[in-house]
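S.K.: Chains as they are written, first to last, in our numbering: chain L, 3 to 224; chain S, 3 to 224; chain F, 3 to 224; chain H, 3 to 224. Even glycine gets a Cβ: it sits at the ideal position worked out from N, Cα and C. Quantities reported herein were computed from a predicted structural model and do not represent experimental measurements. This is the structure I want to talk about, given as structure tokens.
There are 4 protein chains.
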Amino acid sequence: MNEPIVDSSQSEEARRRRFSAITTARIETLADGVFAIVMTLLVFDIRVPGADAVAAQGLASALTSVIPNLLSYILSFLILGVLWVGHHNQFFYIKRADRTLLWINIIFLMAIALLPFSAGLLARYGREDRLALIAYDVNLIIGGVLLFFHWWYATRDNHLLNQEVEPRVRRLVVVRILIPPILYFTAALVSLLSIDIAILINVVVPLLYIFPNRVDAIFRRI
Amino acid sequence: MNEPIVDSSQSEEARRRRFSAITTARIETLADGVFAIVMTLLVFDIRVPGADAVAAQGLASALTSVIPNLLSYILSFLILGVLWVGHHNQFFYIKRADRTLLWINIIFLMAIALLPFSAGLLARYGREDRLALIAYDVNLIIGGVLLFFHWWYATRDNHLLNQEVEPRVRRLVVVRILIPPILYFTAALVSLLSIDIAILINVVVPLLYIFPNRVDAIFRRI
Amino acid sequence: MNEPIVDSSQSEEARRRRFSAITTARIETLADGVFAIVMTLLVFDIRVPGADAVAAQGLASALTSVIPNLLSYILSFLILGVLWVGHHNQFFYIKRADRTLLWINIIFLMAIALLPFSAGLLARYGREDRLALIAYDVNLIIGGVLLFFHWWYATRDNHLLNQEVEPRVRRLVVVRILIPPILYFTAALVSLLSIDIAILINVVVPLLYIFPNRVDAIFRRI
Amino acid sequence: MNEPIVDSSQSEEARRRRFSAITTARIETLADGVFAIVMTLLVFDIRVPGADAVAAQGLASALTSVIPNLLSYILSFLILGVLWVGHHNQFFYIKRADRTLLWINIIFLMAIALLPFSAGLLARYGREDRLALIAYDVNLIIGGVLLFFHWWYATRDNHLLNQEVEPRVRRLVVVRILIPPILYFTAALVSLLSIDIAILINVVVPLLYIFPNRVDAIFRRI
């Protein structure tokens with residue numbers, strides 16, 4: 003008659019699986035939604051030239067004024083790609099969530115959703131005023147630090163994971179997550195001397211993450 | 003030879019599972035989509051300063067005029083986070099849907115999707131005119147009351163749940179859902195005396211929900 | 003050694019299940035995405051009043067000019083809800099897709115994604131010029147007819163279904179899908195005599211679909 | 003007692019399945035999100051006529067000026083449909099992802115997310131200036147070539163597939179993917195002679211892909 007006792011071990015198991023399945027699924031859906039929208043909204047920074055500009059100088063010439071916005075679009079899209087892949091790969095290990103993890107995600111997404119503003123600032127004032135570049139880099143540093151904190155919190159002990167993370171893998175991922183914020187911090191400092199070199203550092207960062215590397219070797223072994 | 007008869011008990015089971023699985027899955031996808039978009043659209047309220055303002059006062063000074071919009075962005079993003087987590091956690095118990103539940107969700111999302119307007123109003127006129135703050139709080143009260151109604155309707159009896167909700171848990175969740183609308187109502191009243199205190203109440207609400215609490219203890223026990 | 007022969011029955015089964023699972027899942031994800039975005043974009047039609055208007059007449063008075071846009075928002079949101087629930091319920095039966103079904107969906111979504119334009123037209127010119135109302139209704143008629151065509155094509159024979167649709171249910175759904183386009187057609191005609199009555203018909207349509215009805219009784223029996 | 007050794011074969015299996023399941027699921031979610039948003043944002047190119055234009059010429063006449071934008075909307079929506087169906091069908095075979103595949107997807111989505119800009123350019127200047135049409139076609143060529151590269155990379159060997167792709171099918175798909183970029187390249191060349199014929203080629207492309215064809219016969223056999 004003691005239904006809770008009879009039922010307990012099996013339903014415990016079932017409940018735990020269901021709980022973990024739902025929760026990270028919806029975090030990932032929300033995150034994918036925010037990334038998809040931010041990536042797509044970046045295009046609004048590239049405006050179709052107005053009729054006046056086209057009448058005065060012709061379409062070809064009017065389109066060249068759009069090039070900085072196009073480069074800013076490509077740069078920000080690639081960085082969003084780096085952050086999305088990083089977030090994505092973490093959930094290879096993370097299968098459960100708690101309130102703290104949900105909120106780290108929400109605040110991470112708050113930094114991501116701010117990027118269309120920072121990218122707009124960069125496209126418009128980035129070459130003249132180092133403040134625009136610094137604001138952009140600060141935004142990316144906040145995003146990167148939150149992604150690190152996400153990994154650090156989730157892998158601290160095993161209650162959110164479905165398999166142990168080897169300490170070697172954990173450290174390797176920490177290094178890979180922290181390199182971009184460190185480079186963006188460097189870029190912000192360098193901009194005080196030379197905006198051009200600072201921009202170059204920003205361009206290099208995503209390129210470091212597009213090509214296969216040691217982390218992929220881990221995935222391949224699995 | 004009577005295939006429907008032989009098949010019945012098993013296919014009944016299969017149908018029920020399939021029905022429930024699909025239906026709440028798509029509600030959650032639609033809701034996650036609306037939340038992701040609303041969160042991301044909030045950024046449009048933070049405009050890159052125009053060339054005129056920058057030429058007149060410099061970029062640093064022009065950027066300070068963006069601060070109220072940035073604070074309104076952070077505030078609204080956090081509140082959307084609270085509402086999303088609340089909606090999310092309800093579906094830990096709710097596994098089936100009927101037309102009424104679908105429509106409570108749709109009308110809840112209608113209130114959520116209105117927030118970029120209310121947040122824009124708050125950012126632009128919130129410090130001068132209490133009406134902007136009241137409109138913002140009314141929007142949040144409507145959202146909160148619909149979230150309560152969602153929980154109340156779904157847990158009234160067990161036909162939409164996959165496990166019984168203990169009365170103690172049910173009441174605890176009701177209290178937690180109703181606190182924000184009550185505080186927003188209080189803030190709207192207080193704004194008649196002091197806008198600053200009313201804004202402070204608005205700032206405090208999300209902070210109450212970010213940190214782990216008694217509801218999480220329930221999830222941890224499961 | 004003849005691996006394809008040994009394997010055939012089992013892998014056939016596996017392939018079919020996988021095929022059906024992927025395909026309708028992504029149609030539903032795309033559709034939910036479009037619905038979520040269209041619902042959310044409707045809010046852009048409700049503009050925060052400009053500083054000039056507020057300075058001249060005060061915020062309260064400036065906000066009253068937003069009321070038609072708010073009503074248009076509510077109306078369009080509810081109709082999108084009706085169409086989403088209708089689309090959603092069809093996939094209770096439809097479990098496989100072919101190219102034709104994909105394209106009926108894409109063209110259906112093309113009509114849905116046009117609604118922010120039509121709703122904007124209605125909000126701005128709907129009370130003065132019947133053409134705005136007719137354009138809005140034509141948009142909704144196209145959406146409704148495509149939803150009917152979707153149901154008709156998918157249930158024509160059983161190759162896309164996972165359970166047979168009883169002829170009685172099929173007919174009931176056809177009637178329920180065709181009522182809104184017929185009423186919108188009526189509203190377009192009536193607008194030649196009275197815009198007010200035409201608007202009233204538009205308001206009544208979603209109300210017919212929010213409350214539980216005979217279709218729900220079918221779902222409940224399953 | 004050696005838990006890793008005992009566990010290995012089974013957990014290997016489990017890990018592989020989980021890895022593949024998660025990874026393509028999130029690529030597809032991100033892609034569906036970007037497609038849904040781009041499709042929906044296209045509508046912003048169709049503006050509600052301003053009060054001045056309506057006062058001067060009446061709503062009917064003001065609306066006719068919107069027709070090129072409406073046609074550009076339909077055209078771009080259909081092409082996005084073609085690309086979405088192509089992307090969708092590839093994942094019938096692709097079940098695993100690696101870093102390279104993730105990045106091919108991200109860069110593919112970068113081209114897709116640029117379409118609202120190119121479509122706006124086409125709608126505004128397409129009939130007067132061939133450069134607008136060429137820019138639009140270059141955007142579509144980049145998208146098409148990336149979709150080809152996606153297929154080529156994923157089917158090169160079997161490590162990302164869950165079933166072998168018959169060489170005959172692989173070639174057929176290659177041909178079907180490459181036809182649109184070749185036609186868009188042709189249209190760009192033809193635009194030097196006649197913009198009208200170039201536009202006609204653009205209109206014909208999606209029509210080639212809406213109706214059932216030989217690829218569907220393959221799916222039907224499976």
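Quick one: give me the first and last residue of the alpha helix (DSSP H) that asparagine 160 (chain L) is part of.
M.R.: Here residue 160 (chain L) refers to the residue found at position 158 of the first sequence. Unbroken run through asparagine 160 (chain L): none, as it is neither H nor E.
S.K.: Any idea what DSSP makes of isoleucine 96 (chain H), helix, strand or coil?
M.R.: Taking the fourth sequence and counting its residues from 1, the one referred to as residue 96 (chain H) is at position 94. Strand at isoleucine 96 (chain H).
S.K.: Please determine, among S:Phe94, S:Trp105, S:Leu73 and S:Gln92, the residue with the shortest C-alpha to C-alpha distance to tryptophan 226 (chain F).
M.R.: Residue coverage of chain F in this structure runs from 3 to 224, which leaves residue 226 (chain F) outside it and unanswerable.
S.K.: Leaving out five residues before and five after leucine 80 (chain S) in sequence, what residues of the same chain have Cβ atoms less than 7 Å from its Cβ?
M.R.: Locating residue 80 (chain S) in the second sequence gives position 78, where the first residue counts as 1. Cβ neighbours of leucine 80 (chain S) beyond the five flanking positions: Pro208.
S.K.: Just to confirm the assignment, what range does the alpha helix (DSSP H) spanning proline 51 (chain S) have?
M.R.: For the purposes of this step, residue 51 (chain S) is taken as residue 49 along the second sequence, with counting starting at 1. First-last for proline 51 (chain S): undefined, no H or E at that position.
S.K.: Kindly indicate if chain L contains any beta-carbon less than 8 Å away from that of arginine 28 (chain H).
M.R.: For the purposes of this step, residue 28 (chain H) is identified with residue 26 of the fourth sequence, where counting begins at 1. Interface residue, yes.
S.K.: Output, in chain order, the set of chain H residues within a Cβ distance shorter than 8 Å of leucine 133 (chain F).
M.R.: Start at 1 with the first residue of the third sequence, and residue 133 (chain F) comes out as number 131. The answer, in chain order, is Leu61, Ala62 and Leu65.
S.K.: Histidine 161 (chain L) touches chain H at which residues, Cβ-Cβ below 9 Å?
M.R.: As a working note, residue 161 (chain L) is residue 159 in the first sequence. Result: empty, since nearest Cβ-Cβ is about 18 Å, beyond 9 Å.
S.K.: Out of L:Leu149, L:Phe150 and L:Arg172, which one is the CA nearest neighbour of asparagine 160 (chain L)?
M.R.: On the first sequence, residue 160 (chain L) is found 158 positions in, with the first residue counted as 1. Checked all of L:Leu149, L:Phe150 and L:Arg172; the closest Cα to asparagine 160 (chain L) is L:Arg172.
S.K.: Find out if the Cβ-Cβ distance for the pair threonine 157 (chain L), valine 147 (chain L) is shorter than 8 Å.
M.R.: The residue you call residue 157 (chain L) lines up with position 155 of the first sequence. The residue you call residue 147 (chain L) lines up with position 145 of the first sequence. Not in contact: threonine 157 (chain L) and valine 147 (chain L) (Cβ atoms no closer than 8 Å).
S.K.: Can you tell me which of the three DSSP states aspartate 34 (chain L) falls into?
M.R.: Reading the first sequence from its first residue, position 32 is the one you call residue 34 (chain L). The answer is helix: DSSP assigns aspartate 34 (chain L) an H, G or I state.
S.K.: Proline 169 (chain H): buried (16+ other C-beta within 10 angstroms of its C-beta) or exposed?
M.R.: The sequence position of residue 169 (chain H) within the fourth sequence is 167, counting from 1. Flag for proline 169 (chain H) reads exposed.
S.K.: Does any C-beta atom of chain F lie closer than 8 Å to the C-beta of alanine 23 (chain H)?
M.R.: Numbered from its first residue, the fourth sequence carries residue 23 (chain H) at position 21. Unreliable positioning characterises alanine 23 (chain H) in this predicted model, as indicated by a pLDDT of 38, which lies under 50. The coordinate reading is nonetheless provided below. Closer than 8 Å: no.
S.K.: Could you work out which residues of chain S lie near methionine 41 (chain F), taking near to mean beta carbons separated by less than 7 Å?
M.R.: Position 39 of the third sequence, counting from 1, holds the residue named residue 41 (chain F). Val36, Leu111 and Ala115, listed in chain order.
S.K.: Nearest-angstrom Cα distance between tyrosine 138 (chain F) and leucine 117 (chain F)?
M.R.: Residue mapping note: residue 138 (chain F) aligns to position 136 of the third sequence, counting from 1. Residue mapping note: residue 117 (chain F) aligns to position 115 of the third sequence, counting from 1. In a straight line, the C-alpha of tyrosine 138 (chain F) is about 8 Å away from that of leucine 117 (chain F).
S.K.: Show which residues of chain L have a CB atom less than 7 Å away from the CB atom of threonine 31 (chain S).
M.R.: Your numbering for residue 31 (chain S) matches position 29 in the second sequence. Going along chain L in sequence order, the residues near threonine 31 (chain S) (Cβ under 7 Å) are Thr31.
S.K.: Run down chain S in chain order and give the residues with a C-beta less than 9 Å from the C-beta of leucine 123 (chain L).
M.R.: Translated into positions along the first sequence, residue 123 (chain L) becomes position 121. Using a Cβ-Cβ cut-off of 9 Å, leucine 123 (chain L) is close to Val50, Pro51, Leu61 and Leu65 of chain S, given in chain order.
S.K.: To the nearest angstrom, how far is the alpha carbon of valine 68 (chain H) from that of valine 50 (chain L)?
M.R.: If you number the fourth sequence from 1, residue 68 (chain H) lands on position 66. If you number the first sequence from 1, residue 50 (chain L) lands on position 48. Going by the C-alpha atoms only, they are around 16 Å apart.
S.K.: Using beta carbons (cut-off 8 Å, strictly below), is glycine 83 (chain F) in contact with chain S?
M.R.: Sequence index remark: in the third sequence, residue 83 (chain F) carries index 81 (1-based). True, the Cβ-Cβ gap to chain S drops below 8 Å.
S.K.: Let's test the definition: count the other Cβ atoms within 10 Å of the Cβ of leucine 130 (chain S) and tell me whether it reaches 16, buried, or not, exposed.
M.R.: Here residue 130 (chain S) refers to the residue found at position 128 when the second sequence is read from its first residue. Looking at the sequence itself, residue 130 (chain S) is glutamate, so the reference to leucine does not match. Looking at its Cβ environment, which holds fewer than 16 other Cβ atoms inside 10 Å, glutamate 130 (chain S) is exposed.
S.K.: Does the distance from the C-beta atom of valine 36 (chain F) to that of methionine 112 (chain H) stay below 8 Å?
M.R.: The residue you call residue 36 (chain F) lines up with position 34 of the third sequence. The residue you call residue 112 (chain H) lines up with position 110 of the fourth sequence. Contact: no.
S.K.: Got a sec: is the Cβ-Cβ distance from isoleucine 76 (chain L) to anything in chain H below 8 Å?
M.R.: Taking the first sequence and counting its residues from 1, the one referred to as residue 76 (chain L) is at position 74. Output row for isoleucine 76 (chain L): interface = yes.
S.K.: Establish whether the CB of tryptophan 105 (chain F) and some CB of chain S are separated by less than 8 Å.
M.R.: In the third sequence, counting from the first residue as 1, residue 105 (chain F) sits at position 103. Not one beta carbon of chain S lies nearer than 8 Å to the beta carbon of tryptophan 105 (chain F).
S.K.: Throw me the rounded Cβ distance for the tryptophan 153 (chain S) and isoleucine 184 (chain S) pair, which I believe falls under 8 Å.
M.R.: If you number the second sequence from 1, residue 153 (chain S) lands on position 151. If you number the second sequence from 1, residue 184 (chain S) lands on position 182. Actually they are not in contact, since the Cβ atoms of tryptophan 153 (chain S) and isoleucine 184 (chain S) sit about 15 Å apart, beyond 8 Å.
S.K.: I need the straight-line Cα distance from valine 176 (chain S) to phenylalanine 150 (chain S), nearest angstrom please.
M.R.: The count along the second sequence starts at 1 and reaches residue 176 (chain S) at position 174. The count along the second sequence starts at 1 and reaches residue 150 (chain S) at position 148. The alpha-carbon atoms of valine 176 (chain S) and phenylalanine 150 (chain S) are separated by roughly 7 Å.
S.K.: Following the continuous alpha helix (DSSP H) through asparagine 204 (chain L), name the residue where it begins and the one where it ends.
M.R.: The residue you call residue 204 (chain L) lines up with position 202 of the first sequence. Where asparagine 204 (chain L) is concerned, the enclosing alpha helix (DSSP H) stretches over 197-212.
S.K.: Whose C-beta lies closer than 6 Å to the C-beta of alanine 23 (chain L) among residues of the same chain, with five residues either side of it excluded?
M.R.: Residue mapping note: residue 23 (chain L) aligns to position 21 of the first sequence, counting from 1. Per-residue confidence for alanine 23 (chain L) stands at a pLDDT of 38, beneath the threshold of 50, marking its modelled position as unreliable; the derived number appears in the next sentence. Taken in chain order, the list of residues that qualify is empty.
S.K.: Which of the three DSSP states is assigned to glycine 122 (chain H) in this structure?
M.R.: Here residue 122 (chain H) is taken as the residue at index 120 of the fourth sequence, counted from 1. DSSP places glycine 122 (chain H) in helix when its eight states are reduced to three.
S.K.: Check glycine 60 (chain F) in the structure and name its three-state DSSP category.
M.R.: For the purposes of this step, residue 60 (chain F) is identified with residue 58 of the third sequence, where counting begins at 1. It is coil, neither helix nor strand.
S.K.: Quick test of your reading: valine 84 (chain S) and alanine 115 (chain L), contact by CB under 8 Å. State the CB separation rounded to the nearest angstrom.
M.R.: As a working mapping, residue 84 (chain S) is identified with position 82 in the second sequence. As a working mapping, residue 115 (chain L) is identified with position 113 in the first sequence. Rounded to whole angstroms, the Cβ separation of valine 84 (chain S) and alanine 115 (chain L) is 16 Å, and the two are not in contact under 8 Å.
S.K.: Chain H partners of arginine 126 (chain F), CB-CB under 7 Å?
M.R.: Along the third sequence, read from residue 1 onward, the residue named residue 126 (chain F) stands at position 124. What arginine 126 (chain F) touches in chain H: Val50.
S.K.: Out of curiosity, what's the CA-to-CA distance linking alanine 134 (chain H) and leucine 73 (chain L)?
M.R.: Start at 1 with the first residue of the fourth sequence, and residue 134 (chain H) comes out as number 132. Start at 1 with the first residue of the first sequence, and residue 73 (chain L) comes out as number 71. Each residue's alpha carbon lies about 19 Å from the other.
S.K.: Can you give the Cα-Cα distance for valine 56 (chain F) and serine 63 (chain F), rounded to whole angstroms?
M.R.: Within the third sequence, residue 56 (chain F) is the residue found at index 54, counting from 1. Within the third sequence, residue 63 (chain F) is the residue found at index 61, counting from 1. Their backbone Cα atoms lie some 8 Å apart in a straight line.
S.K.: Do you know whose CA, among H:Gly122, H:Ile136 and H:Ile96, lies nearest alanine 190 (chain H)'s CA?
M.R.: In the fourth sequence, counting from the first residue as 1, residue 190 (chain H) sits at position 188. Closest by alpha carbon: H:Ile136.
S.K.: Buried or exposed, going by whether 16 or more other CB atoms sit within 10 Å of the CB of aspartate 47 (chain S)?
M.R.: Within the second sequence, numbered from 1, the residue matching residue 47 (chain S) stands at position 45. When all chains shown are included, aspartate 47 (chain S) counts as buried.
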